[in-house]
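A.B. asks:
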Amino acid sequence: MILLERTSVMNLENAMRGARNPMNSWARMDSGYDAEGNYVLGPNDLDLARRLRKAGSDHRKFIRQIFVSVDITAPLYWWKEYDTYKVATVANSTSTMHKIHSKPFSIDDFSHDHMTPSTLAYMETVVEKLEEIRLRYMETKSKEDWYDMIQLLPSSYNQMRTCTFNYETLVNIYFARRNHKLQEWHTFCDWIAELPYGKELIIAEENEK
């Protein structure tokens, strides 16, 4: 399970202006804002953007200046793989260490959408045990109970992080993970493709084949 919410794409206008700096071609800019406040690339700017994207990372520096912020809720096993991407990313997460005891455990706190019925039944017993320990910890504040929660916690536990990227980082993520065995990565790559000009500026190589 993965949930991507509150997506915001920023700085497209400035990035596009910067893309024209090397040739001093600002007079050819034909982009602008629509009625909804979205920055829409005109034919001249879109053509330049596509050509720079195709020319490779040295020429498409402008996409490093297009920023994305999104709230991602995903299981810990997915976050372990996501943490490979430490360049040009920032994330603030909800705290497992400090707030794991702050609400009751339920099965919906865990990714279980691909579990078989027998495994799901077992998982429910684990969740019940975690809740039992949590309630005891709320009374005792015992370090032993706290460690029991932390060390018993399955990697399917869902954590929310507010993440920021730039489009160049998303190019790397998309082509590294689009065929991954985890369904969460397929959902993430679908989200990338639907970003403003994601098909043109991020996954252009695939579209050109």
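The sequence shown runs 12 to 220 under the working numbering. By construction, the Cβ of each residue, glycine as well, lies at the ideal position given by its N, Cα and C atoms.
1. Among the residues of its own chain, which have a CB less than 7 Å from the CB of T198, if the five just before and after it don't count?
2. Are the CB atoms of K140 and L163 nearer to each other than 8 Å?
3. Going by C-alpha to C-alpha distance, which of S104, F73, Q76 sits closest to T84?
4. Could you tell me whether the region 154-161 touches the region 68-80, where touching means 3 or more Cβ pairs closer than 8 Å?
5. Could you please give me the residues that DSSP links to T175 through a beta bridge?
6. Curious, which full-length alpha helix (DSSP H) runs of at least 4 residues does the region 158-202 contain?
7. Taking DSSP as the reference, what is the three-state secondary structure of P54?
8. Using beta-carbon positions only, say whether M134 and I144 come within less than 8 Å of one another.
9. Can you confirm whether the region 126-133 touches the region 172-180 when touching is taken to mean that 3 or more C-beta pairs between the two stretches lie within less than 8 Å?
10. Near R39, what residues of its chain come up, given a Cβ to Cβ distance below 6 Å and the 5 sequence neighbours on each side ignored?
11. In three-state DSSP terms, what is F121?
12. Locate the alpha helix (DSSP H) running through P31, then write down its first and last residues.
13. If you draw a straight line from the alpha carbon of Y44 to that of Y168, how long is it in whole angstroms?
14. Excluding the 5 residues flanking T18 on each side, which residues of the same chain have their C-beta closer than 6 Å to its C-beta?
15. State the beta-bridge partners of V20 as determined by DSSP.
C.D. replies: Answer, in terms of the structure:
1. So the list reads I13, once near-sequence residues are dropped.
2. With respect to L163, K140 sits close: the two C-beta atoms are nearer than 8 Å.
3. Measuring from the Cα of T84, the nearest candidate turns out to be S104.
4. Result no; under three Cβ-Cβ pairs closer than 8 Å.
5. According to DSSP, which records beta bridges pairwise, T175 is partnered with S80, V101.
6. Secondary structure in the region 158-202: the alpha helix (DSSP H) runs of 4 residues or longer, each lying completely within the stretch, are 178-188 in chain order.
7. Helix.
8. It is not a contact, given that the beta carbons lie outside the stated cut-off.
9. Using a C-beta cut-off of 8 Å, the region 172-180 makes no contact with the region 126-133, since fewer than three inter-stretch Cβ pairs fall below that distance.
10. Excluding positions up to five away in sequence, the list reads N55.
11. Residue state, collapsed to three classes: strand.
12. The sequence given here places Arg at residue 31; Pro does not occur at that position. Counting along the chain, R31 falls outside any alpha helix (DSSP H), and DSSP gives it neither H nor E.
13. Roughly 41 Å separates the two Cα atoms.
14. Closer than 6 Å at the Cβ level, and outside the excluded window around T18, lie V81.
15. According to DSSP, V20 bridges with V79.
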